[in-house]
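In what follows, a single structure is set out as structure tokens and then discussed.
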Amino acid sequence: MALLSACGDAGSANDGGLLDTATLVEQLPPEVRGSVTSYERDLLNAAASYKAEFGHWPVSFADVASVAGAREVAVNVLADGIGEQVPFSSRETAEKAANAIIGAAERRILDQMKAQDARN
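So the number in this note's numbering is just where the residue sits in the sequence shown, counting from 1, plus 852.
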């Protein structure tokens, strides 16, 4: 659930936004959380494969083509979950919030993997 725990970063990056991502994440249905957790596993596996192939961590997950489709699914599922929690929000607003949450979380996961690798 590291992806969802990064929502605080997304909120601070978008201060003044209409949606409080921290509150939204707490209220997401289990199926949305499960989808995001599945994407997190995909990220961890893809980053490890990337490092094994190229000898270094990717600069960002945008460099890892194998997660592009999974990212799109995760953003859509998360946007749907946000839309259920905030029915008055537009689809565009829900997608922006989902992208902010996922993007901040991807950076956090990659930074954690790099830091762990540096310690070992």
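All C-beta atoms, glycine included, are put in the ideal place defined by N, C-alpha and C.
Contact between the region 945-956 and the region 900-908 is absent: fewer than three C-beta pairs spanning the two stretches fall below 8 Å. Cβ neighbours of I954 within its own chain (closer than 7 Å, five residues either side excluded): L855, R923, A926, V927, L930.
In this structure, L876 sits near Q937, with a CB-CB distance shorter than 7 Å. Secondary structure of D894 (DSSP, three-state): helix. Straight-line measurement puts the Cα of A914 at about 16 Å from the Cα of M965.
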